[in-house]
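Okay, so here's the structure we're looking at.
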Amino acid sequence: MLKLGKVGLFSLASVVVLGACGGANDGNNGGNEEADTDANEEEVTIEQIGSEDADVELVFWEFGNTGYDVLIEEYVEENPHVTINLQNSDMNDLHDNLFTSISAGTGAPDISMVEEAQIGRYLNAQESFINLYDHDADNVEGEFLDWVWRGAQSGDGDFQFGLPTDIGPTVMFYRTDVFEEAGFDSSPEAVSELVATWDDFRDVAEQINEDTGKLMTDSGELVFNARRDQATQQYFNTDGELIVDEHDQMREAFDYTADLLNDGLVGDIPLWTPEWHSGMASGEYATMLAPAWMQGVIKDNEPEEGVWSITTLPEGAGNWGGSYLTIPAETEHAEEAYAFIEWLTAPEQQLKAFLGYGLFPSAPAVYDMPEFLEYEDDYFGGIATAQVFGEAAQAVEPVFKGRQYYPVDDEFKQAIDDVAGGVDPEEAWQEALDRTERILAR
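Count the sequence shown with numbering that gives the first Met the number 0 and you get residues 0 to 441, in order.
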């Protein structure tokens with residue numbers, strides 16, 4: 000047992016527990032088959048942080064490498080009546096176990112992280128969560144970007160499921176050497192002006208392809224994602240009704256991407272594959288339309304400094320990733336749980352999480368803090384990367400996604416893949432609509 004005075008880490012264990020649903024193949028093990036030792040088991044790391052004599056224990060489920068254990072030690076030192084049982088597991092396992100526990104009415108934690116892509120899965124289960132407005136969450140609502148806050152809100156705006164943690168604002172990563180080979184100025188300011196619009200993006204793609212023989216970007220999927228995320232209307236309205244065929248923004252995103260694919264200007268390289276990584280390193284494609292957290296992926300894959308740089312997307316920005324902290328209704332310590340997540344997501348703690356672990360803040364007050372403004376990255380040419388992502392975060396358009404957003408989005412991304420495989424765009428679009436209708440009819 001390790002104790003630091005009355006506060007500290009007094010238990011650390013890596014335990015294997017039976018999965019409630021799903022298996023190891025659902026996890027993020029990077030395709031490593033050796034990690035799939037038992038399809039019915041999952042690994043959960045548990046840290047008990049705080050005093051053994053604390054009055055309240057909060058069980059907190061998290062996924063990923065957040066660094067929250069460090070911040071929790073700070074919190075329990077200031078609040079010795081609280082100890083926090085931090086349990087880290089695979090992202091997919093966490094969501095499956097949370098869904099199972101709230102369905103059964105037992106086994107849920109006091110606090111659970113929920114990934115932004117998964118929050119819609121729980122929107123019809125208000126009775127299983129604490130409405131954070133009941134704990135005066137409206138007092139901190141203004142501390143967060145509006146579109147992020149709304150991402151964990153009911154359609155009528157009366158129920159707030161979670162407080163935002165990090166986000167993934169998207170920008171354009173680009174190869175300076177490929178742009179220079181095509182005769183362009185490769186500075187971030189020049190490239191931003193060069194591709195200010197999506198028409199510009201296509202023009203530059205044609206020039207790069209003509210002069211270098213290289214692709215503008217890795218896949219049609221990321222082009223479609225970028226255009227989709229800039230739309231003010233996507234698949235559903237706030238009543239949960241499918242509207243994708245009633246407005247032109249999503250069809251324009253689809254047609255634009257289909258045209259680039261059919262003209263051979265963008266690739267059909269699946270993300271996370273060896274071909275994708277090798278293309279990133281060799282300069283097979285000139286740009287990657289991706290979120291803040293992609294910085295680490297690029298650095299790990301292409302270690303040479305100064306080759307990749309960062310600038311804004313044409314016509315705005317989007318978001319890919321992030322999470323919320325929710326409080327399941329099963330908790331007996333809602334007041335203490337809310338006090339903790341309010342503290343953890345405050346701008347001061349978000350700055351620490353950014354500087355220590357690269358979690359990009361959802362609280363715009365951080366964007367004006369000196370440590371944030373002065374943050375530069377030699378790998379990307381010494382530019383103030385934090386400022387670029389901060390500007391992108393503030394340019395994201397708020398949009399209602401709905402409970403069935405991601406299953407439907409998968410069908411339209413499948414349509415993009417179909418076009419890349421030679422299917423006529425009109426046929427691919429209609430087939431995606433047909434599949435969507437079948438999903439919604441279940």
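Where is the CB? At the ideal position from N, CA and C, for every residue including glycine.
As the crow flies, the alpha-carbon of Gln248 is around 8 Å from that of Thr231. Ala204 is not a Cβ neighbour of Val418, given a cutoff of 8 Å. Annotation for Leu432: the continuous alpha helix (DSSP H) segment containing it runs Pro424 to Ala440. If you draw a straight line from the Cα of Ser218 to the Cα of Gly212, it comes to about 16 Å.
Ala53 sits in coil when the DSSP states are folded into three classes, being neither helix nor strand. Under the three-state reduction of DSSP output, Arg250 falls in the helix class.
Counting other Cβ atoms within 10 Å of its Cβ, Val407 reaches 16 or more and is therefore classed as buried. Around the C-beta of Leu270, fewer than 16 other C-beta atoms lie within 10 Å, and the residue is accordingly described as exposed.
Taking 8 Å as the cut-off, the Cβ atoms of Ile118 and Gly156 do not count as close. Taken atom to atom, the span from the alpha-carbon of Ala336 to that of Gln348 is near 16 Å. In this structure Leu70 is in contact with Leu343, their Cβ atoms being roughly 6 Å apart against a cut-off of 8 Å. If you draw a straight line from the Cα of Gln429 to the Cα of Arg120, it comes to about 26 Å. Looking at the backbone, the Cα of Ala136 and that of Tyr404 are separated by about 25 Å. The straight-line gap separating the alpha-carbon atoms of Asp267 and Ile326 is approximately 41 Å.
The Cβ-Cβ distance between Asp165 and Leu358 falls below 8 Å.
Contact between Ile207 and Ala225 is absent: CB atoms are separated by about 17 Å, not below the 8 Å threshold. Glu140 and Leu312 have their C-alpha atoms spaced approximately 27 Å apart.
One alpha carbon belongs to Thr169, the other to Trp319, and they sit about 7 Å apart. Annotated as proximal: Gly282 and Asp176, with beta-carbon spacing under 8 Å. His94 counts as buried, since no fewer than 16 other beta carbons sit within 10 angstroms of its beta carbon. Secondary structure note for Ala116: it is in no beta strand (DSSP E), with a DSSP letter that is neither H nor E.
Nearest in C-alpha terms to Val43, of all of Ala440, Gly295, Leu354 and Gly63, is Gly63.
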